[in-house]
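**Q**
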Amino acid sequence: MPRNRSPIWHPFTQHALQDEMTRVVRGNGAYLHTADGGRIIDAISSWWVVTHGHCHPHIVRAIQEQAAELNQVIFAGHTHEPAEDVAARLLKCAPPGLEHVFFSDSGSASVEVALKMALGYWHHIGKQRIRIVVMQHSYHGDTVGGMSVGARGVFNEAYGPLLFDVTSIPFPATGREQDTLDALESACRNEVPAAFIVEPLILGAGGMLMYPAWVLREMKRICEASEVLFIADEVMTGWGRTGTLFACEQADITPDIVCYSKGITGGALPLAVTLCRADIFDAHYSKDRARTFFHSSSYTANPVACAAARANLDLWQDPETRQRVAAIAAMQEQAIEPFRDDARFGDVRQTGTITALDLKTSDAGYLADIGPKLHAFFKDRNLLLRPLGNTIYVMPPYCATAADLDEIYAGIKDAADALAGRNPLRA
Ligand SMILES: *Cc1c(COP(=O)(O)O)cnc(C)c1O
1 MPRNRSPIWH
11 PFTQHALQDE
21 MTRVVRGNGA
31 YLHTADGGRI
41 IDAISSWWVV
51 THGHCHPHIV
61 RAIQEQAAEL
71 NQVIFAGHTH
81 EPAEDVAARL
91 LKCAPPGLEH
101 VFFSDSGSAS
111 VEVALKMALG
121 YWHHIGKQRI
131 RIVVMQHSYH
141 GDTVGGMSVG
151 ARGVFNEAYG
161 PLLFDVTSIP
171 FPATGREQDT
181 LDALESACRN
191 EVPAAFIVEP
201 LILGAGGMLM
211 YPAWVLREMK
221 RICEASEVLF
231 IADEVMTGWG
241 RTGTLFACEQ
251 ADITPDIVCY
261 SKGITGGALP
271 LAVTLCRADI
281 FDAHYSKDRA
291 RTFFHSSSYT
301 ANPVACAAAR
311 ANLDLWQDPE
321 TRQRVAAIAA
331 MQEQAIEPFR
341 DDARFGDVRQ
351 TGTITALDLK
361 TSDAGYLADI
371 GPKLHAFFKD
381 RNLLLRPLGN
391 TIYVMPPYCA
401 TAADLDEIYA
411 GIKDAADALA
421 GRNPLRA
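The opening residue of the sequence shown carries number 1 in our numbering; numbering runs sequentially from there.
What follows is the structure, given as structure tokens:
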């Protein structure tokens, strides 16, 4: 007999094991306030979306003002100032050479749009290129296209029949980078694929796996040589997470197609964009209506979400934002340092504002029991940390203080102590 028949079916939640949801009533900076009067440090930016902090006043004001002015309008055949402004400013701050912006409302949708743009491009220029190359351990969203180009596993096992076939190249683990590049080169040469899609510098949901910028640059060069479209999924890495505004900057590359979402509104409202080069737009540009880009969602470029994105872009024009990002990255570097000599942890790593470390255990993988145990331990400490299996990572909003980080890392150290048996972990 089910213990809890929650009327709400929560995402990535096994209701038979988690009977109580944390009820949150207010967000403020790096903190979430709960209905029972508690205060939680949001150490994972509420699933990687909150960049400047919860309820940033500049973004809140922009939302309030736009909501009273124009809060929704059909985007086919119509446009509005917030979207025009966001598009123009995005094209200025994105890598040079991207010329068009397509709006959608989630990271998954922006990936679907990217895949459809790539396939549409080859179709409309009359070339038979349909295969997609992906990287092992990648995550690109939970829609069918996103799952197809993402890692196969327990997450999508039941939906296997819906997924299309892709070519996968190995993750560029330290010392094995050449294997990745060789595999990409061979896939590009032998299979003449339509596109290669990759998360630049960090594979997020795959376990915060990091690789250096030179590998990203080489992968772009290989694709370019075979005219394979290079799609960068910056849904997680964008908006300062890797230390620069966008991860691709560090490799000095311009992808043919790029996806941004999550932090695009500072984490306040759902919005996503897919940017592309002119020739991809041009392949669809025709008096022939059959060459229209057939994609939309009801809320494409919602004006309120665009106003939030515009406020986020304002904040990125303020030099103080980049200083905050640099400060968080430096604080993270200091905070993670002691864990490098702690034998209970392995693969202590950092890219920009993100740190990750693996708790050594015989019990690894996303479904390992250690995951929910750690989650419960951190919850008890009023820390929002959601380990990916035995991988603990810290991705705070940029307003987090040194004291917040101290509290987060003390919690991580105490979790390891508890596992070693000094204090039993709550099950
Ligand atoms: C979160 C994420 C997505 C999916 O975005 P949603 O807004 O959750 O649909 C896609 N790609 C990457 C790299 C992500 O981290």
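Where a beta carbon is used, it is the ideal one built from N, C-alpha and C, also for glycine. Computed from a prediction, not measured in an experiment: that's the story for all the values here.
So what's S104 in DSSP terms, helix, strand or just coil?
**A** Sequence index remark: in the sequence shown, residue 104 carries index 104 (1-based). Strand at S104.
**Q** Taking the Cβ atom as the reference point for each residue, do T254 and P95 lie within a distance shorter than 8 Å?
**A** Your numbering for residue 254 matches position 254 in the sequence shown. Your numbering for residue 95 matches position 95 in the sequence shown. Yes, Cβ-Cβ distance for T254 and P95 is below 8 Å.
**Q** If you reduce the DSSP assignment to three classes, tell me which class H56 lands in.
**A** Here residue 56 corresponds to residue number 56 of the sequence shown, with the count starting at 1. Coil, per DSSP.
**Q** Comparing alpha-carbon positions, which option in V134, R277, A118, P7 lies nearest K127?
**A** Here the question's residue 127 lines up with position 127 in the sequence shown. Closest by alpha carbon: A118.
**Q** Would you list the one or two residues that DSSP bridges to V134?
**A** As a working note, residue 134 is residue 134 in the sequence shown. Answer is S168, I197, bridged to V134.
**Q** What I want to know is whether the C-beta of Y139 ends up closer than 7 Å to one or more non-hydrogen atoms of ligand 1.
**A** Taking the sequence shown and counting its residues from 1, the one referred to as residue 139 is at position 139. Yes, ligand 1 has a heavy atom inside 7 Å of this Cβ.
**Q** Nearest-angstrom Cα distance between I130 and A114?
**A** The sequence position of residue 130 within the sequence shown is 130, counting from 1. The sequence position of residue 114 within the sequence shown is 114, counting from 1. About 13 Å.
**Q** In the DSSP assignment, find the unbroken alpha helix (DSSP H) run with L90 in it and report its ends.
**A** Here residue 90 is taken as the residue at index 90 of the sequence shown, counted from 1. 81–93 is the extent of the alpha helix (DSSP H) around L90.
**Q** Kindly identify the DSSP beta-bridge partner or partners of A272.
**A** In the sequence shown, counting from the first residue as 1, residue 272 sits at position 272. Bridge partners of A272: S104.
**Q** Given the structure, does G204 come close to ligand 1, in the sense that its CB is under 7 Å from one of the ligand's heavy atoms?
**A** Within the sequence shown, residue 204 is the residue found at index 204, counting from 1. For ligand 1, at least one heavy atom lies less than 7 Å from the Cβ of G204.
**Q** M21: buried (16+ other C-beta within 10 angstroms of its C-beta) or exposed?
**A** As a first step, residue 21 must be located in the sequence shown, where it is residue number 21. With fewer than 16 other Cβ atoms within 10 Å, it is exposed.
**Q** How long is the line joining the alpha carbons of V111 and F103, rounded to whole angstroms?
**A** The count along the sequence shown starts at 1 and reaches residue 111 at position 111. The count along the sequence shown starts at 1 and reaches residue 103 at position 103. Straight-line Cα distance between these residues: approximately 11 Å.
**Q** If you compare alpha carbons, which of E99, A68, H52 is closest to I280?
**A** Within the sequence shown, residue 280 is the residue found at index 280, counting from 1. If we check each option's Cα against that of I280, E99 comes out closest.
**Q** In whole angstroms, what separates the C-alpha of A62 from that of T180?
**A** One-based indexing of the sequence shown puts residue 62 at position 62. One-based indexing of the sequence shown puts residue 180 at position 180. Computed Cα separation, rounded: 44 Å.
**Q** Is M236 close to ligand 1? I mean its beta-carbon at under 7 Å from any heavy atom of the ligand.
**A** Taking the first residue of the sequence shown as 1, we reach residue 236 at position 236. Yes - ligand 1 has a heavy atom lying nearer than 7 Å to the Cβ of M236.
**Q** Excluding the five sequence neighbours on either side, which residues of its own chain have a C-beta within less than 7 Å of the C-beta of H375, listed in chain order?
**A** Stepping through the sequence shown from its first residue, residue 375 is reached at position 375. The residues are R386, P387.
**Q** M135 and R241: beta carbons closer than 8 Å?
**A** Translated into the one-based positions of the sequence shown, residue 135 becomes position 135. Translated into the one-based positions of the sequence shown, residue 241 becomes position 241. No, these two residues do not count as a Cβ contact at 8 Å.
**Q** Can you pull the DSSP bridge partners for T391?
**A** Here the question's residue 391 lines up with position 391 in the sequence shown. Partner(s): D358, L388.
**Q** On the premise that L203 lies in contact with H137, defined as a C-beta separation below 8 Å, what is that separation, rounded to the nearest angstrom?
**A** Position 137 of the sequence shown, counted from the first residue, corresponds to residue 137. Position 203 of the sequence shown, counted from the first residue, corresponds to residue 203. With 8 Å as the limit, H137 and L203 qualify as a contact, their Cβ atoms being about 5 Å apart.
**Q** When the distance is taken between beta carbons, is M208 closer than 8 Å to I474?
**A** This structure does not reach residue 474, given that the chain is present from 1 up to 427, and the question cannot be answered.
**Q** What is the DSSP secondary structure of V304, reduced to helix, strand or coil?
**A** The residue you call residue 304 lines up with position 304 of the sequence shown. In this structure, V304 counts as helix in the three-state DSSP scheme.
**Q** Compute the Euclidean distance between the alpha carbons of S168 and T274, then round it to the nearest angstrom.
**A** Your numbering for residue 168 matches position 168 in the sequence shown. Your numbering for residue 274 matches position 274 in the sequence shown. One C-alpha to the other measures close to 23 Å.
**Q** Would you mind reading off the limits of the alpha helix (DSSP H) that contains G145?
**A** If you number the sequence shown from 1, residue 145 lands on position 145. From DSSP, the alpha helix (DSSP H) with G145 extends over 144–149.
**Q** Quick one: using the 10 Å Cβ neighbour count with 16 as the cut-off for buried, is Q350 buried or exposed?
**A** Walking along the sequence shown from the start, residue 350 turns up at place 350. Buried.
**Q** On the three-state DSSP scale, how would you describe H33?
**A** The residue labelled residue 33 in the question sits at position 33 within the sequence shown. Correct three-state label for H33: strand.
**Q** Rank F377, V304, A420 by C-alpha distance to the C-alpha of E69 and give the top, closest one.
**A** Position 69 of the sequence shown, counted from the start, is the residue given in the question as residue 69. Residue V304 is the option with its Cα nearest to E69.
**Q** Are the region 282–292 and the region 230–247 touching by the rule of at least three beta carbon pairs closer than 8 Å?
**A** Because the criterion of three Cβ pairs below 8 Å is not met, the region 282–292 and the region 230–247 do not touch.
**Q** Let me know if G35 comes out buried or exposed under the rule of 16 or more other beta-carbons within 10 Å of its beta-carbon.
**A** Residue numbering aside, residue 35 sits at position 35 when the sequence shown is read from its first letter. One detail in the question is off: residue 35 reads as Ala in this sequence, not Gly. When all chains shown are included, A35 counts as exposed.
**Q** Classify L76 as helix, strand or coil using the three-state DSSP reduction.
**A** The residue labelled residue 76 in the question sits at position 76 within the sequence shown. Here the sequence assigns Ala to residue 76, which means Leu is not the residue at that position. If DSSP states are grouped into helix, strand and coil, A76 belongs with coil.
**Q** What did DSSP end up calling C399 once you bin it into helix, strand or coil?
**A** Locating residue 399 in the sequence shown gives position 399, where the first residue counts as 1. Three-state result, C399: coil.
**Q** Are there three or more Cβ pairs, one per stretch, closer than 8 Å when the region 36–49 is compared with the region 256–276?
**A** Short answer: they touch.
**Q** Between D432 and L359, which are expected to be in contact by the criterion C-beta below 8 Å, what is the C-beta distance as a whole number of angstroms?
**A** Only positions 1 to 427 of the chain appear in the structure, and residue 432 is not among them; the question remains open.
**Q** Rounded to whole angstroms, what's the CA-CA distance from H58 to V50? Just pull it up for me.
**A** On the sequence shown, position 58 is the one that residue 58 refers to. On the sequence shown, position 50 is the one that residue 50 refers to. Rounded to the nearest angstrom, the two C-alpha atoms are 14 Å apart.
**Q** At least one CB of chain D closer than 8 Å to the CB of E20: is that the case?
**A** Annotation note: the requested chain D is absent from the structure, which comprises a single protein chain.
**Q** Quick one, are the C-beta atoms of C248 and A225 less than 8 Å apart?
**A** Here residue 248 corresponds to residue number 248 of the sequence shown, with the count starting at 1. Here residue 225 corresponds to residue number 225 of the sequence shown, with the count starting at 1. Cβ atoms of C248 and A225: not closer than 8 Å.
**Q** For F246, which of helix, strand or coil comes out of DSSP?
**A** Numbered from its first residue, the sequence shown carries residue 246 at position 246. Three-state DSSP puts F246 in coil, outside helix and strand.
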